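Just so you know, we're using this note's numbering here: the sequence shown kicks off at 119 and counts up by one.
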Amino acid sequence: MADTNDIQTFIKPYMVPEGSDELNLNLQAMAASFAVTDDKIRDIIKGLHKSMKTGLDHDDPDALPMIPTYVSGRPTGKETGTFLALDLGGTNLRVCQVTLKGDTTYSLVQQKFTITQEAKESRLWDFIAECVGVFLEEHDLHPAHGMRTIPCGYTFSFPIYQTGIASGNLSMWNKSFTVPNSVGRDVVNLTQSAFQRHHVPVEVVAVLNDTVGTLMTSGYSHPDTQMGIIFGTGTNAAYWENLENIGKWTGGDRKGEMVVNLEWGAFDNATEVLPYTAHDNKLNRKSSNHGLQVFEKMISGLFLGEVARNAILSLVDQRLIFGGRSSEILNKSYTFDTAYMSEIVADGSPDLANVKAVLEGTLDLPPTSLIDRKVVQHVCNMIGTRGVRLSAAAMSAVLLARPELLTSSVSVGIDGSMYQFYPNFESNLYSVSRVFLGGDFVDNRLKLHLAKDGSGVGAAIVAMTVDRDRKR
Numbered sequence: 119m120a121d122t123n124d125i126q127t128f129i130k131p132y133m134v135p136e137g138s139d140e141l142n143l144n145l146q147a148m149a150a151s152f153a154v155t156d157d158k159i160r161d162i163i164k165g166l167h168k169s170m171k172t173g174l175d176h177d178d179p180d181a182l183p184m185i186p187t188y189v190s191g192r193p194t195g196k197e198t199g200t201f202l203a204l205d206l207g208g209t210n211l212r213v214c215q216v217t218l219k220g221d222t223t224y225s226l227v228q229q230k231f232t233i234t235q236e237a238k239e240s241r242l243w244d245f246i247a248e249c250v251g252v253f254l255e256e257h258d259l260h261p262a263h264g265m266r267t268i269p270c271g272y273t274f275s276f277p278i279y280q281t282g283i284a285s286g287n288l289s290m291w292n293k294s295f296t297v298p299n300s301v302g303r304d305v306v307n308l309t310q311s312a313f314q315r316h317h318v319p320v321e322v323v324a325v326l327n328d329t330v331g332t333l334m335t336s337g338y339s340h341p342d343t344q345m346g347i348i349f350g351t352g353t354n355a356a357y358w359e360n361l362e363n364i365g366k367w368t369g370g371d372r373k374g375e376m377v378v379n380l381e382w383g384a385f386d387n388a389t390e391v392l393p394y395t396a397h398d399n400k401l402n403r404k405s406s407n408h409g410l411q412v413f414e415k416m417i418s419g420l421f422l423g424e425v426a427r428n429a430i431l432s433l434v435d436q437r438l439i440f441g442g443r444s445s446e447i448l449n450k451s452y453t454f455d456t457a458y459m460s461e462i463v464a465d466g467s468p469d470l471a472n473v474k475a476v477l478e479g480t481l482d483l484p485p486t487s488l489i490d491r492k493v494v495q496h497v498c499n500m501i502g503t504r505g506v507r508l509s510a511a512a513m514s515a516v517l518l519a520r521p522e523l524l525t526s527s528v529s530v531g532i533d534g535s536m537y538q539f540y541p542n543f544e545s546n547l548y549s550v551s552r553v554f555l556g557g558d559f560v561d562n563r564l565k566l567h568l569a570k571d572g573s574g575v576g577a578a579i580v581a582m583t584v585d586r587d588r589k590r
């Protein structure tokens with residue numbers, strides 16, 4: 119087994135014997151810069167624990183937000199009923215009708231709407247109202263007898279400072295959204311006002327983050343769920359914390375547990391611990407949220423391809439690959455999609471035919487050599503390996519924050535395109551976390567589950583609890 123605390127382990131696989139000495143020296147230096155050794159992960163876990171503890175105690179701009187979500191009841195899998203849910207993500211708005219069957223299973227009727235660039239930049243709230251109106255009309259949904267509105271859970275996949283179960287102020291935009299006059303305002307009020315403008319008979323009774331939805335969905339099917347994680351376009355996590363450990367909680371009783379939203383994409387914005395490279399810095403300084411969400415930019419699907427593009431072009435600029443040539447497509451930001459990385463990394467053919475198809479067919483590069491294709495595959499592997507090791511570090515840190523739970527079985531609900539589609543992502547999460555959580559726990563008690571459609575179903579589960587408590 120390779121020694122993952124030896125930096126040579128992260129350099130040797132990326133040599134190209136038939137390549138020039140200059141090329142290999144550059145690849146060695148690049149691999150070293152992206153390497154995440156076990157000791158580096160231990161430093162990251164320590165940094166996360168310090169930031170988590172500070173964020174639980176008080177709000178600090180240099181610490182993780184650690185936002186109390188007002189969600190305090192674990193699902194049992196026995197809940198029943200039909201509820202509406204909205205799931206606003208980085209790419210799509212999903213409108214869902216969720217039926218909880220009471221036997222840890224559920225059924226889902228949903229419609230996806232691709233979020234337009236105009237909506238991302240200006241008219242998001244009206245866009246949401248229009249889509250919900252279309253869903254209600256097409257599925258002939260109306261308020262229950264005697265009611266004016268349909269209760270709805272709202273998964274809002276952007277950082278909010280939660281002020282109640284159905285209220286939260288937008289902290290900042292990410293995922294390339296820039297809607298004006300929104301930051302600092304209550305996203306439920308903004309959405310509800312749009313519903314009223316468009317005569318949509320829906321009331322948002324709960325707002326939650328997509329990771330909270332993922333956690334609650336996994337908890338409905340697996341009641342021992344302790345964490346929900348998104349490894350997709352963006353990344354974040356939520357977990358169950360003892361209320362007595364949430365020093366800044368002022369909402370009353372400190373008994374029991376509450377879901378805390380970490381907003382871990384904001385970890386180490388000062389880049390004191392993370393393995394930050396020139397290629398990350400180039401992405402960061404050109405991004406709309408420069409200096410923010412630094413951790414997210416190292417592990418999430420929106421950004422990994424762009425880091426790879428920067429690294430590939432740095433080798434092009436030194437005339438080490440492609441004969442120093444590029445293409446109009448590759449020269450544009452965010453054209454090297456993370457999905458291309460997945461395809462390139464998975465290519466095991468002798469002539470790297472899929473890599474050739476991506477480079478020459480999709481990205482319109484001039485004819486490539488086998489050396490060129492090997493180098494591109496190596497670069498994608500370096501960046502993908504760093505991403506999954508950082509992901510495992512963060513997951514391990516959160517589980518280690520509740521050590522009393524690790525003697526029992528623990529489930530982690532995970533959703534997102536990186537977890538679903540990036541080659542060997544799940545198996546690498548297990549293998550990397552073994553070093554820090556222990557082989558006995560990881561092999562025998564830790565279970566990672568795909569919480570498919572988690573953010574939509576989770577919103578319905580939370581809406582159900584709110585509606586039930588209201589009726590009581």
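In this text, a Cβ means the ideal position worked out from N, Cα and C, and glycines have one as well. All values derive from a computational prediction rather than experimental measurement.
Looking only at its own chain, which residues have a Cβ that is under 7 Å from the Cβ of Y279, when we skip the five neighbours before and after it? I185, G286, N287, S289
S445: which of Y394, T395, D482, A247 sits nearest, CA to CA? D482
Residues that W358 bridges to, as DSSP identifies them: Answer is V377.
How far does the alpha helix (DSSP H) with S514 in it reach, from first residue to last? 488 to 518
In or out: G374 buried (at least 16 other Cβ within 10 Å) or exposed? exposed
Let me check one thing: in DSSP terms, what residues is L242 bridge-paired to? Beta-bridge pairing links L242 to no other residue.
Determine the direct distance from the alpha carbon of L477 to that of I501, and round the result to whole angstroms. 18 Å
Helix, strand or coil for M345? Go by DSSP, reduced to three states. Of the three classes helix, strand and coil, the one that applies to M345 here is strand, per DSSP.
Could you give the distance in angstroms between the alpha-carbon of V322 and the alpha-carbon of N210? 19 Å
Leaving out five residues before and five after G534 in sequence, what residues of the same chain have Cβ atoms less than 6 Å from its Cβ? I348, F349, G350
Is the beta carbon of I283 closer than 9 Å to that of V528? no
Taking the beta strand (DSSP E) that A203 belongs to, which residues open and close that run? 198 to 206
Beta bridge counterpart(s) of P186 as assigned by DSSP: DSSP output for P186 lists V378 as bridge partner(s).
Mind checking which residues open and close the alpha helix (DSSP H) that includes S600? With the chain represented from 119 up to 590, any question about residue 600 goes unanswered, as that position is not in the structure.
I'd like to know if the stretch 216 to 231 and the stretch 170 to 186 are in contact, where contact means that at least 3 CB-CB pairs between them fall below 8 Å. no
Between Y338 and Y224, which are expected to be in contact by the criterion C-beta below 8 Å, what is the C-beta distance as a whole number of angstroms? Y338 to Y224, Cβ: 7 Å. Contact.
Could you pull the start and end residues of the alpha helix (DSSP H) that F152 belongs to? 139 to 152
Would you kindly work out how many angstroms separate the C-alpha atoms of T456 and L422, rounded to a whole number? 6 Å
At what residues does the beta strand (DSSP E) containing H316 begin and finish? Run containing H316: none; DSSP gives neither H nor E here.
Nearest to D450 by CA position, among P131, G165, A426, I163, is which residue? Position check: residue 450 holds Lys in this sequence, whereas Asp was assumed. That would be A426, whose Cα lies nearest to the Cα of K450.
Can you determine whether any heavy atom of the ligand ATP sits closer than 8 Å to the C-beta of S240, and answer yes or no? The model depicted lacks the ligand ATP and carries no ligand whatsoever.
Identify, in the order they occur along the chain, each residue of the same chain with its Cβ nearer than 8 Å to the Cβ of F454, setting aside the five sequence neighbours on each side. G423, E424, A426, R427, I430, L448, L481
Can you name the residues that DSSP bridges to K230? Residue pairing by DSSP places K230 opposite R212 in a beta bridge.
Less than 9 Å separating the beta-carbons of A577 and G346? No, the Cβ-Cβ distance between A577 and G346 is not below 9 Å.
Whole-angstrom distance between F413 and D587, CA atom to CA atom: 38 Å
Given this structure, state the Cα-to-Cα distance separating G302 from W358, to the nearest angstrom. Cα to Cα, the separation comes out at about 26 Å.
Excluding the 5 residues preceding and the 5 following H167 in the sequence, name in chain order all residues of the same chain whose CB lies nearer than 8 Å to its CB. A515, L518, A519
V305 versus D205: straight-line alpha-carbon distance, rounded: 13 Å
Taking buried to mean at least 16 other C-beta atoms within 10 Å of its own C-beta, is A312 buried or exposed? buried
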